[in-house]
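Q: In our numbering, the protein residues as written are -17 to 317.
C-beta: ideal position from N, C-alpha, C; glycine also.
In structure tokens form, the structure reads like this:
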């Protein structure tokens, strides 16, 4: 309450400005030495690594941790990939939607990103429609304290990534997940926690924004300064829609090939599955001294890695491992 922000463990969504302010405060307090620079290239330099920064400075660390988040991993369907940015973009690209006032916009998707940006566009004065393959928009259930009981906790225990035994296990036993067979880990990552917007978004969408559900994108063609989309319904019907802009709120797919600073030679030495690195139980890749955390660690440690709450596991485990390694290296040099 130091900053006058009301706290609620589960029953009140966190405002975006509070979330950002917390992150900035955390960084300023715990990592004041942060340098805000882009990495131009990451190469192997003998036993060390060679990092070239945008200002030309070169670092030669022995250990590197890639905590790249989702920045480079946005996914745009292949049918839209050839369209220019002025008529097609990804939801990640938009922090301010005021430029769409009065324009016709289609948002593809039915997950949190799609619903959030559709609501923001509508409230700014854009003419918005939602199109998705799902048959309906599946909002999360609103928390209801009156329905919480010991039995409900036993049947659907809460966790940092949602309710239910599956989520509870994935959130609290990432090392157990790490030891599962590869094919099972990949299947869980693909199927668990599908697209679902927050319960608090329902009133901003239902009755406010048209949603055309059960549709598959067939084609997308530029037509002057607009884009024409062909869609087909599950019932076999087809439609053609012309709009000023289409926003693909189609999620993120971690892939080392999308990291612009990681050259092909480096990638060739990193064991991966579908572009996602295979990690040890200490987040180390097959290249000694190179570590990966965040969404790119999802195949090794499960759905927990998609969320900020995953840092409660990743940060202490990796930092303890690095401290031991650095201590061992220091003693070896002293000897």
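Would you mind stating whether residue 275 and residue 289 have Cβ atoms separated by less than 8 Å?
A: No.
Q: What do you reckon, are the CB atoms on residue 179 and residue 114 nearer than 8 Å?
A: No, Cβ-Cβ distance for residue 179 and residue 114 is not below 8 Å.
Q: For residue 153, I'd like the list of residues in its chain whose CB is within less than 6 Å of its CB, leaving aside the five on either flank, ordered along the chain.
A: Only 141, 142, 143, 286 meet the Cβ criterion.
Q: Taking only runs that begin and end inside the stretch 191 to 237, name each unbroken beta strand (DSSP E) of 3 or more residues, in chain order.
A: Listed in chain order, the complete beta strand (DSSP E) runs (minimum 3 residues) inside the stretch 191 to 237 are 197 to 205, 208 to 215, 220 to 225, 227 to 230.
Q: Taking 6 Å as the limit between beta carbons, can you name the residues of its chain near residue 284, skipping five residues before and five after?
A: Hits under 6 Å: 152, 156, 159.
Q: Go through the stretch 81 to 138 residue by residue and report every complete run of the alpha helix (DSSP H) that reaches 4 residues or more, in order.
A: Runs of the alpha helix (DSSP H) inside the stretch 81 to 138: 94 to 106, 132 to 137.
Q: In whole angstroms, give me the CA-to-CA distance for residue 223 and residue 3.
A: Cα to Cα, residue 223 sits roughly 40 Å from residue 3.
Q: Report buried or exposed for residue 129, applying the criterion of at least 16 other Cβ atoms within 10 angstroms of its Cβ.
A: Residue 129 is exposed by the Cβ-count criterion.
Q: Let me check understanding here. Comparing Cα to Cα, which of -1, 37, 25 lies closest to residue 17?
A: Checked all of -1, 37, 25; the closest Cα to residue 17 is 37.
Q: Three-state secondary structure (DSSP) at residue 256?
A: DSSP places residue 256 in coil when its eight states are reduced to three.
Q: Could you pull out every residue in the same chain whose Cβ sits closer than 8 Å to the Cβ of residue 54, ignoring the five residues on either side in sequence?
A: So the list reads 240, 241, 242, once near-sequence residues are dropped.
Q: Which word fits residue 297, buried or exposed, when buried means at least 16 other C-beta atoms lie within 10 angstroms of its C-beta?
A: Exposed is the call here.
Q: Might you give, ordered along the chain, the residues of its own chain that have their beta carbon closer than 7 Å to the beta carbon of residue 304, omitting 5 neighbours on each side?
A: Within the same chain, residue 304 has close Cβ partners 45.
Q: With a cut-off of 8 Å on the beta carbons, I'd call residue 168 and residue 57 a contact; round off their distance for me.
A: No, residue 168 and residue 57 are not in contact; Cβ-Cβ is about 17 Å, not under 8 Å.
Q: Taking the DSSP output, what are the residues bridged to residue 12?
A: Bridge partners of residue 12: none, in fact.
Q: Tell me the DSSP bridge mates of residue 72?
A: According to DSSP, residue 72 bridges with 230.
Q: Out of 310, 244, 306, 262, which one is the CA nearest neighbour of residue 25?
A: Residue 25 has its Cα closest to that of 244, out of 310, 244, 306, 262.
Q: Does the stretch 75 to 85 come close enough to the stretch 231 to 240 that 3 or more CB-CB pairs lie under 8 Å?
A: Result no; under three Cβ-Cβ pairs closer than 8 Å.
Q: Can you grab the Cα-Cα spacing for the pair residue 232 / residue 74, in whole Å?
A: Looking at the two C-alpha atoms, the distance is approximately 10 Å.
Q: Quick check on the DSSP output: the beta strand (DSSP E) that includes residue 46 runs from which residue to which?
A: Counting along the chain, the beta strand (DSSP E) containing residue 46 begins and ends at 46 to 48.
Q: With DSSP as the reference, identify every bridge partner of residue 30, one or two as the case may be.
A: Looking at the DSSP assignment, residue 30 forms a beta bridge with 27.
Q: To the nearest angstrom, how far is the alpha carbon of residue 133 from that of residue 14?
A: Approximately 46 Å, taken between the alpha carbons.
Q: Quick one: Cα of residue 255 to Cα of residue -15, how far?
A: Roughly 45 Å separates the two Cα atoms.
Q: Looking at the strands, I want to know which residues DSSP matches up with residue 266.
A: Looking at the DSSP assignment, residue 266 forms a beta bridge with 273.
Q: Determine the extent of the alpha helix (DSSP H) in which residue 165 is found, giving its start and end residues.
A: Note, residue 165: alpha helix (DSSP H), 164 to 173.
Q: Please determine, among 208, 252, 251, the residue with the shortest C-alpha to C-alpha distance to residue 67.
A: Of 208, 252, 251, the residue nearest in Cα terms is 208.
Q: Would you report the Cα separation of residue 20 and residue 91, rounded to the nearest angstrom?
A: So the alpha carbons of these two residues sit roughly 31 Å apart.
Q: Return yes when the Cβ of residue 229 is within less than 8 Å of the Cβ of residue 99, no when it is not.
A: Taking 8 Å as the Cβ cut-off, residue 99 and residue 229 qualify as a contacting pair.
Q: Kindly indicate which residue of 1, 72, 6, 43 has the alpha-carbon position closest to the one of residue 273.
A: Looking at the Cα atoms, 43 is the closest of the given residues.
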